[in-house]
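Asks: So the sequence shown is numbered by the numbering used here: it starts at 12 and just counts up by one. Here a beta-carbon is modelled for each residue, glycine too, at the ideal position from N, C-alpha and C. Just passing along the structure, written as structure tokens.
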Amino acid sequence: MAALLATPAFAQDAPVSSAHGIGFFAKPNGGNQTPPVPQSVDQLQWPEAAPAVYSPGNAVTSVTPVSFESQLAATCDCQRCSPCGFDTCCCDQRWAHRTGGYGEFLYLRARDADVAYAQIRDGATPFGRTAVADPDYSSGLRVGFWSAWDCRSSLGVSYTGFCSNTTDTLATDAPLSIASLVIHPGSVAAGSTGLEANASLDVSFDQVDITYRRIWGATETASVNWLAGVRYGRIQQQFQSEISVNGTTTVQSELDFDGVGFTFGFDAERYAPCSGWLIYSKGNAAFLAGEFRGDYTQFDSTDPLEIQTDWKAGRIVPVLDLELGFGWQGYNNHLRLTAGYVVQSWFNTVSTDAWIQGVQNSNFVGLNNGMTFDGLTAKIEYVW
12 MAALLATPAF AQDAPVSSAH GIGFFAKPNG GNQTPPVPQS VDQLQWPEAA PAVYSPGNAV
72 TSVTPVSFES QLAATCDCQR CSPCGFDTCC CDQRWAHRTG GYGEFLYLRA RDADVAYAQI
132 RDGATPFGRT AVADPDYSSG LRVGFWSAWD CRSSLGVSYT GFCSNTTDTL ATDAPLSIAS
192 LVIHPGSVAA GSTGLEANAS LDVSFDQVDI TYRRIWGATE TASVNWLAGV RYGRIQQQFQ
252 SEISVNGTTT VQSELDFDGV GFTFGFDAER YAPCSGWLIY SKGNAAFLAG EFRGDYTQFD
312 STDPLEIQTD WKAGRIVPVL DLELGFGWQG YNNHLRLTAG YVVQSWFNTV STDAWIQGVQ
372 NSNFVGLNNG MTFDGLTAKI EYVW
């Protein structure tokens, strides 16, 4: 501080003139006066009309702030990211695209997929529980790989698989009885009742995605990417119910859909400025062109094939994905952990319940349902 307050030697030797003369911080009046010739080498001389500048040299020590991004820059190869055009090397940025792989755990439940299969009755009237095969939460997975084309864009491939299995039983004692809700009304067992019934329902889907992803806008603490690609999707429903009528009467149903189409969507992230924490959101829509295939079979202990029919129809099935969550990213941007809530809705589908009712009524008009999967997701990702 003393060095800053002390009068420099060259300032003491510099001539000082009147308000219209040439002083240390004065300019020539009208540019017609000539600066005085210095009397010794200790005097300072500068070009005419140039302002005097005083520099304290090394008297002030600069202070460099420490931030999350500055820690990342220590090991960054800025040359590979030079096209990004940001003040800091873009490979230091948490939003920069990188090559790597990930694994994701899914814990989902299928909604609007339940099947009411039997009912307790007193004579011909309902009197008690209606049994429903309703899927519960089950596990699934997603694995994928991203290949960065540059720090702004990348190409990815992923596989998603999910399968749920649910079982249910119903029993009663006389004088009550159980009536099946899935037996064909034209069969021998129609109108007959028993004391026990059970059902099982499997719902599964598989997806393969090839996606191009590119930055749309970014700052040091936020980013938005758009994405587009193609998807193969398959959804399958398998149902079986048994009731103690004519020995044992069994109903089996299967519905399958396979389709291929394009996808588009976005993802957005907001980063905590001084730590690795972040929040994110994702939205994606797919339009799958494919075909539904349905099969219905009924048999009992005395007749191995009492009822059988099949059906198929072409469909465009829109699929909507939404996800919200939070995560943490390592200071060197290699390791990333996220967790969130995800919803996936399939539209213009056919549910097992609607399909069986269509077979019972011999009416396949209006088979148009939706099915939704929702639950939790946890993801680990490593990039380089």
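Counting only the same chain and skipping the five closest in sequence on each side, list residues whose C-beta sits under 7 Å from that of tyrosine 118.
Replies: Excluding residues within five positions, the ones whose Cβ falls inside 7 Å are Tyr148, Ser150, Gly386, Leu387.
Asks: Taking Cβ to Cβ, would you say glycine 228 is nearer than 7 Å to valine 219?
Replies: no
Asks: State yes or no: is the C-beta of alanine 350 within less than 7 Å of the C-beta of glycine 369?
Replies: No; because the gap between Cβ atoms is not below 7 Å, this pair is not in contact.
Asks: Going by the beta-carbon positions, is the gap between alanine 129 and leucine 212 smaller than 7 Å?
Replies: no
Asks: Counting only the same chain and skipping the five closest in sequence on each side, list residues whose C-beta sits under 6 Å from that of aspartate 267.
Replies: Listed in chain order, the non-local C-beta contacts of aspartate 267 below 6 Å within the same chain comprise Gln247, Arg304, local neighbours out to five positions each way being set aside.
Asks: Assuming threonine 363 is part of the beta strand (DSSP E), what are its boundary residues?
Replies: According to the DSSP assignment, threonine 363 belongs to no beta strand (DSSP E) but to the alpha helix (DSSP H) extending over 363-372.
Asks: By the DSSP assignment, the beta strand (DSSP E) with tryptophan 157 in it spans what residues?
Replies: 149-161
Asks: Express the C-alpha separation of valine 143 and alanine 365 in angstroms, rounding to a whole number.
Replies: 14 Å
Asks: Any idea which residues DSSP pairs arginine 120 with across the strands?
Replies: Asp385
Asks: Run through DSSP, which three-state label would valine 143 get?
Replies: strand
Asks: Indicate the three-state DSSP secondary structure (helix, strand or coil) for leucine 83 in the structure shown.
Replies: Any reading at leucine 83 is ruled out, since the residue's pLDDT is 41, under 50, leaving its predicted position unreliable.
Asks: Given a cut-off of 7 Å on the beta-carbon distance, is the pair glycine 272 and glutamate 302 in contact?
Replies: no
Asks: Following the continuous beta strand (DSSP E) through arginine 242, name the residue where it begins and the one where it ends.
Replies: 233-254
Asks: Take threonine 308 and list the residues in its own chain whose beta-carbon comes closer than 6 Å to its own, dropping the five residues that flank it on each side.
Replies: Gln263, Gln319
Asks: For arginine 281, which residues of its own chain have a beta-carbon under 8 Å away from its beta-carbon, when the five flanking residues on both sides are left out?
Replies: Thr232, Ala233, Leu289, Ile290, Tyr291
Asks: Between alanine 159 and the rest of its own chain, which residues show a CB-CB distance below 6 Å, the 5 nearest in sequence each way excluded?
Replies: His108, Arg109, Thr110, Ser165
Asks: For the beta strand (DSSP E) containing leucine 266, name the first residue and the last one.
Replies: 260-282
Asks: Let me know the secondary structure DSSP gives asparagine 344 once reduced to three states.
Replies: Correct three-state label for asparagine 344: coil.
Asks: Among the candidates Ala297, Gly338, Asn176, whose CA atom is the shortest distance from the CA of tyrosine 416?
Replies: This structure cannot settle anything about residue 416, because the visible part of the chain is limited to 12 through 395.
Asks: Going by the beta-carbon positions, is the gap between asparagine 359 and valine 328 smaller than 7 Å?
Replies: yes
Asks: Just the C-alpha distance for serine 356 and alanine 389, rounded to the nearest angstrom, thanks.
Replies: Near 19 Å, if we compare the C-alpha coordinates of alanine 389 and serine 356.
Asks: Please classify histidine 345: is it buried, with 16 or more other beta-carbons within 10 angstroms of its beta-carbon, or exposed?
Replies: exposed
Asks: Would you report the Cα separation of proline 146 and serine 215, rounded to the nearest angstrom?
Replies: 11 Å
Asks: From the DSSP output, in three-state form, read off serine 211 for me.
Replies: strand
Asks: Run the CB neighbour count on methionine 367, radius 10 Å, all protein chains shown included, and call it buried at 16 or more, exposed below.
Replies: The sequence shown places isoleucine at residue 367, not methionine. By the 16-neighbour rule on beta-carbons within 10 angstroms, isoleucine 367 is buried.
Asks: Going by C-alpha to C-alpha distance, which of Gly112, Arg105, Asp123 sits closest to asparagine 379?
Replies: Asp123
Asks: For serine 175 and alanine 121, I'd like the C-alpha separation in whole angstroms.
Replies: 8 Å
Asks: Hey, could you find the ends of the beta strand (DSSP E) glutamine 104 is sitting in?
Replies: No beta strand (DSSP E) holds glutamine 104; DSSP gives it neither H nor E.
Asks: If you reduce the DSSP assignment to three classes, tell me which class asparagine 380 lands in.
Replies: strand
Asks: Please report the straight-line C-alpha distance between aspartate 420 and alanine 185, rounded to a whole angstrom.
Replies: Any property of residue 420 remains undetermined from this structure, which presents the chain solely from 12 to 395.
Asks: Less than 7 Å separating the beta-carbons of leucine 238 and glycine 276?
Replies: The answer is yes: Cβ separation under 7 Å.
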